[in-house]
Structures are given as structure tokens and as C-alpha cells.
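Asks: So the sequence shown is numbered by the numbering used here: it starts at 7 and just counts up by one. For reference, the structure I am asking about is given below.
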Amino acid sequence: MSGLLALLDDVAAIAKVAAASVDDIAAQSLKAGSKAAGIVIDDAAVTPKYVTGLQPARELPMIWRIARGSFINKLVFLLPVALLMSQFAPWLIPPLLIMGGCYLCFEGAEKILHVLKPHASHTSEEASDGDVAHLEEQKVKGAIKTDFILSAEIMTIALSVIDSDSLFVRAFTLAVVGIGITIAVYGVVAIIVKMDDIGLWLTRVGKTEVTRATGRGIVAFMPWFLIALSVIGTAAMLWVGGSIIVHSLHQMGWHGPEDLIHSIAHSLGQADAFLEWLVKAVIDGVLGFVVGLVLVPVVTKLIAPLLGKSAAH
């Protein structure tokens with residue numbers, strides 16, 4: 007009997023440890039997911055463009071293929087690399103975050119410059135490629151490549167805010183963040199790209215004028231919504247990119263930029279927590295835009311041609 011009681015005590019102790027680990031994973035996942043929010047918004051804003059120009063019946067299958075590629079990116083490739091890095095080379099995390107932040111700043115600044123100075127000539131993918139299946143394959147591959155970069159940044163950000171020494175907690179937290187964000191992003195994307203079809207369906211089958219008017223309203227609203235989503239995504243990229251660079255420099259020992267921004271935000275915020283956060287976010291966004299402006303000619307005139315030449319060889 008005493009042996010059974012001892013076994014039950016051991017089981018209870020294991021259960022308590024497991025419950026604590028689950029709570030720890032949940033808390034760490036929520037913290038990590040919130041830090042990656044800006045990239046998540048951009049991911050949701052970028053993806054719909056990859057399924058435009060094709061038959062509506064192919065939109066959801068394409069989104070599923072991109073989502074499946076995103077799961078593979080995060081769980082098969084990036085998760086093991088992130089765990090190995092955290093275990094054996096944690097000093098690599100801040101420099102990698104700075105590289106990712108610079109990429110976000112470049113993307114955000116390039117989008118703004120493209121709006122201000124649109125390219126005069128660009129060929130339509132549909133016009134240049136009559137093979138629909140081949141075009142779909144190209145779009146899916148392009149989306150998965152873009153997702154890989156954004157997923158790498160999401161996983162690195164998540165890893166940087168996990169303050170547990172347990173490899174188990176780090177692994178499961180990254181897995182939870184990766185799975186949760188992928189489901190959220192591509193679930194939202196699926197809804198966004200099908201809203202036009204839902205609106206058209208309501209205008210056809212609606213039995214009341216209110217239902218049909220709702221359908222017409224959805225159809226009219228979606229182009230404006232996509233523009234707003236793109237603007238929010240671009241702002242989020244610059245804000246997150248600037249914030250990542252400043253905070254990573256702080257972790258590497260250069261405290262001046264973060265301390266200065268915090269001081270300005272505190273003085274202008276006037277003890278209001280939200281206003282202080284807003285001031286800091288604006289400063290980070292402006293800094294991100296400046297960094298992006300510097301990087302645009304470097305990437306487009308130097309790095310991109312070099313990569314093109316290496317790919318050709």
C-alpha cells in the first residue's frame with residue numbers, strides 16, 4: 007500500500023511539473039506571439055496578392071499549399087536551427103535579429119517608394135505566361151519563399167523573448183507560436199480572398215434587399231480594405247523593423263539609441279502609458295524608414311545584381 011501511495015505521489019509531482027510547463031509554454035507563447043505581431047500583420051497583408059489573377063476555385067487550394075509550405079518552413083527547417091542556435095550560439099540571435107529588422111525596413115521603405123514613384127513599365131504575369139498551372143506553381147513558390155523570410159524573423163523574435171532555460175519549453179513554445187501564427191495568418195488570408203465571392207453570392211441568392219445590399223457593400227468595401235491592410239502592414243514593418251534594430255543593439259551593448267528613444271517617449275508621453283508607447287512606436291517607425299531608405303539603393307543596385315549573377319552561374 008505504501009508503495010502505491012509513493013507511486014501516486016510521484017505521479018502527482020510529475021503532473022504538477024507538467025502543468026507548470028504547460029503554463030510556462032502558454033505564457034511564453036503569448037509573449038512571443040505578441041512581439042511578432044507586426045510581422046504577422048505584414049504576412050497577412052502580403053499573401054493575398056499571390057492568389058490574385060487566377061480562377062476563384064483555385065484560391066483556397068493555393069492558400070492551403072502556401073500554408074503547408076509555411077508549416078514546413080517553421081517546424082521542419084527553422085525550429086531545429088533556432089533550438090541549436092539558442093543552445094550553442096545564443097550570441098548569434100541579436101545580429102540575426104538586426105539583419106531581419108533591416109530586411110523589414112527595406113521592404114517597408116521600398117513599398118512606400120513604389121507608391122511615390124511607381125515603375126512605368128512592368129509586365130503582367132498573366133499576359134507573359136499562358137500556362138495557368140505553371141503560373142500557379144510560380145506564385146506558390148514565390149509565396150513560400152517570402153514566408154520563409156518572414157517565418158525566420160518570427161521564430162527568431164519568439165526565441166529572443168523566451169526566458170526559460172528548459173530546451174523542452176523553448177521547443178514547444180516555438181512550435182506553438184509557429185503553428186498558431188500560421189493558422190491565424192492563412193485563416194485570415196482565406197477569409198479575405200473569399201470575401202468578394204461571399205459578397206457576390208449574397209447579391210445573387212439574397213431574398214431580401216438588406217441581404218443583397220450587404221453583398222454589394224462587401225464587394226465595394228474589399229478593395230479599400232486591402233489598401234488599408236497594405237498600409238497597416240507597411241507601417242507595422244517599419245515599426246517592428248526599427249524596434250528590433252534598436253533593441254538588438256541594446257542587447258549587444260550599445261544602449262544609447264534605446265535609452266534616447268525611451269527618454270523622448272517618456273518626456274512626451276507625460277506619464278500616459280499609451281501615449282508613451284505611441285511616441286516610441288512612431289520614433290521606431292521613422293527610424294525604420296530612414297534605415298530602409300539607406301538600404302534600398304544598396305540592395306537594388308549592389309546586392310540584387312550580385313545575387314542575380316550568382317544564380318545565373
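Yeah, the Cβ is synthetic: ideal placement off N, Cα and C, and Gly gets one too.
Can you give me the start and stop residues for the alpha helix (DSSP H) that Leu119 sits inside?
Replies: Here residue 119 refers to the residue found at position 113 of the sequence shown. Its alpha helix (DSSP H) spans residues Ile99 to Leu122.
Asks: Identify whether Leu60 lies in helix, strand or coil by the three-state DSSP scheme.
Replies: Within the sequence shown, the letter at position 54 stands for residue 60. Here Leu60 sits in coil by DSSP.
Asks: Hey, out of Arg210, Trp245 and Leu255, whose CA is closest to Val285's CA?
Replies: Here residue 285 refers to the residue found at position 279 of the sequence shown. Per the Cα distances, Trp245.
Asks: Going by DSSP in three states, Lys213 sits in which element: helix, strand or coil?
Replies: For the purposes of this step, residue 213 is taken as residue 207 along the sequence shown, with counting starting at 1. Residue state, collapsed to three classes: coil.
Asks: What's the call for Asp290, buried or exposed, on a 16-neighbour Cβ count within 10 Å?
Replies: In the sequence shown, the residue the question calls residue 290 occupies position 284. Answer is buried; the Cβ neighbour count reaches 16.
Asks: Take the Cβ of His140 as the centre, count every other Cβ of all protein chains shown within 10 Å, and call the residue buried at 16 or more, exposed below.
Replies: Indexing the sequence shown from 1 puts residue 140 at position 134. When all chains shown are included, His140 counts as exposed.
Asks: Apply the 10 Å Cβ neighbour rule to Val156 and answer buried if 16 or more other Cβ atoms are within range, or exposed otherwise.
Replies: For the purposes of this step, residue 156 is identified with residue 150 of the sequence shown, where counting begins at 1. Inspection of the sequence shows that residue 156 is occupied by Leu rather than by Val. By the neighbour-count rule (16 or more Cβ atoms within 10 Å), Leu156 is buried.
Asks: Compute the Euclidean distance between the alpha carbons of Ala318 and Ala149, then round it to the nearest angstrom.
Replies: Within the sequence shown, numbered from 1, the residue matching residue 318 stands at position 312. Within the sequence shown, numbered from 1, the residue matching residue 149 stands at position 143. Because the pLDDT at Ala318 is just 47, under 50, the model does not fix this residue reliably, and the point stays unresolved.
Asks: Could you check what DSSP says for Ile168 in three-state terms: helix, strand or coil?
Replies: Here the question's residue 168 lines up with position 162 in the sequence shown. Of the three classes helix, strand and coil, the one that applies to Ile168 here is coil, per DSSP.
Asks: To the nearest angstrom, how far is it from the Cα of Trp230 to the Cα of Met68?
Replies: Within the sequence shown, residue 230 is the residue found at index 224, counting from 1. Within the sequence shown, residue 68 is the residue found at index 62, counting from 1. Those two C-alpha atoms are separated by around 23 Å.
Asks: Tell whether a beta-carbon distance below 9 Å holds between Val199 and Glu65.
Replies: Translated into the one-based positions of the sequence shown, residue 199 becomes position 193. Translated into the one-based positions of the sequence shown, residue 65 becomes position 59. Yes, the pair counts as a contact, with Cβ atoms nearer than the cut-off.
Asks: Please go through the same chain and pick out, in chain order, the residues whose beta-carbon is closer than 8 Å to the beta-carbon of Ala310, but skip the five residues on each side of it.
Replies: Position 304 of the sequence shown, counted from the first residue, corresponds to residue 310. So no residue of the chain qualifies.
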